[in-house]
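Worksheet: one structure, shown below.
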Amino acid sequence: MRKIKFTNNEYYHIYNRGVDKREIFCCERDFVRFLTGMREFNNGLTREQRNYAKLNESELGSEASEPSSDSFSLAALVEIICYCLNQNHYHFILKQLAQDGISRFIHKLSTSYTNYFNKKYDRSGSLFQGKYKAIHIDTNEYLLWLSGYVNGNAEVHKIAKAEDYKWCSYQDYL
């Protein structure tokens with residue numbers, strides 16, 4: 061059981077790294093795949109609902125791609141405030157928008173990415189080092205400091221200058 065209970069409209073620092081500190085992003089396509097997952101899995105749809113929507117879209121045209129059932133939720137689970145993806149770890153600042161939004165978002169994202177990574181690199185097992193870490197951001201000062209830390213994380217680890225690193229939200233802030 062997680063020590064921290066996520067609350068809607070609150071901010072959290074979420075981070076994790078590869079098991080044994082291994083690389084989790086080995087090439088540009090891996091970064092792109094993870095970023096795509098950040099966009100695609102930030103909703104309340106289950107895998108079955110996504111597959112149903114895709115099936116309807118292919119059979120009936122794009123106007124059928126919006127599920128009409130009340131049980132389908134296209135609303136965002138989280139607001140991604142900032143992020144940084146480094147070769148062996150990632151950082152997010154997330155604002156939870158829906159009940160269990162952070163847990164659902166990170167679960168869908170990490171499960172999907174692990175499946176992709178394991179298939180691509182012919183491996184099996186866990187990709188990430190245990191459960192992701194979460195810290196509640198309880199002051200505006202901490203939020204401001206942490207957004208600088210996350211956006212500049214590639215520079216902190218001497219990977220690249222923050223303004224030159226394309227796998228973080230730094231450019232969005234500029």
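With this note's numbering as the guide, the letters of the sequence shown map in order to residues 61 to 234.
Each residue gets a CB set at the ideal place from its N, CA and C atoms; glycine is no exception.
Same chain, Cβ closer than 8 Å to residue i, neighbours up to 5 away in sequence not counted
{"i": "Ser-170", "result": "Asn-76, Leu-187, Phe-188, Tyr-192"}
{"i": "Leu-157", "result": "Asn-68, Asn-69, Ala-135, Ala-136, Leu-137, Val-138, Glu-139"}
{"i": "Ile-219", "result": "Asn-146, Gln-147, Tyr-225"}
{"i": "His-217", "result": "Asn-146"}
{"i": "Ile-197", "result": "Glu-70, Tyr-71, Tyr-72, His-73, Ile-153, Leu-203, Leu-206"}
Residue i, DSSP secondary structure in three states
{"i": "Gln-189", "result": "coil"}
{"i": "Arg-82", "result": "coil"}
{"i": "Phe-94", "result": "helix"}
{"i": "Val-210", "result": "helix"}
{"i": "Ile-140", "result": "strand"}
{"i": "Leu-105", "result": "coil"}
{"i": "Leu-145", "result": "strand"}
{"i": "Glu-215", "result": "helix"}
{"i": "Ala-222", "result": "helix"}
{"i": "Ile-64", "result": "coil"}
{"i": "Tyr-202", "result": "helix"}
{"i": "Tyr-233", "result": "helix"}
{"i": "Arg-183", "result": "coil"}
Residues that DSSP places opposite residue i in a beta bridge
{"i": "His-73", "result": "Ile-153, Ile-195"}
{"i": "Cys-228", "result": "Cys-144"}
Residue from the options with nearest C-alpha to residue i
{"i": "Phe-152", "options": "Asp-90, Gly-208, Ser-184, Ile-219", "result": "Gly-208"}
{"i": "Leu-105", "options": "Phe-66, Gly-161, Tyr-150, Ala-194", "result": "Gly-161"}
{"i": "Glu-215", "options": "Asn-146, Trp-205, Phe-94, Tyr-181", "result": "Asn-146"}
{"i": "Gln-159", "options": "Asn-103, Ile-141, His-73, Leu-234", "result": "Asn-103"}
{"i": "His-73", "options": "Val-92, Tyr-233, Leu-203", "result": "Leu-203"}
{"i": "Ala-222", "options": "Ile-64, Gly-78, Cys-142", "result": "Cys-142"}
{"i": "Cys-86", "options": "Asn-175, Tyr-181, Thr-96", "result": "Tyr-181"}
{"i": "Lys-258", "options": "Phe-91, Ser-163, Leu-95", "result": "A query on residue 258 cannot be resolved here, the shown segment of the chain reaching from 61 to 234 and no further."}
{"i": "Phe-66", "options": "Thr-174, Ile-195, Thr-199", "result": "Ile-195"}
Same chain, Cβ closer than 6 Å to residue i, five either side skipped, listed in chain order
{"i": "Met-98", "result": "none"}
{"i": "Gly-190", "result": "none"}
{"i": "Phe-177", "result": "Leu-187"}
Nonlocal neighbours in the same chain, by C-beta distance under 7 Å from residue i, ignoring five residues either side
{"i": "Phe-101", "result": "Phe-165, Lys-168, Leu-169, Ser-172"}
{"i": "Val-79", "result": "Ser-186, Leu-187, Phe-188, Gln-189"}
CB-CB length for residue i against residue j, believed under 8 Å
{"i": "Ser-184", "j": "Asn-211", "result": "Incorrect: roughly 34 Å between the Cβ atoms, too far for contact."}
{"i": "Arg-82", "j": "Asn-148", "result": "6 Å"}
{"i": "Cys-144", "j": "Trp-227", "result": "7 Å"}
{"i": "Tyr-71", "j": "Lys-155", "result": "5 Å"}
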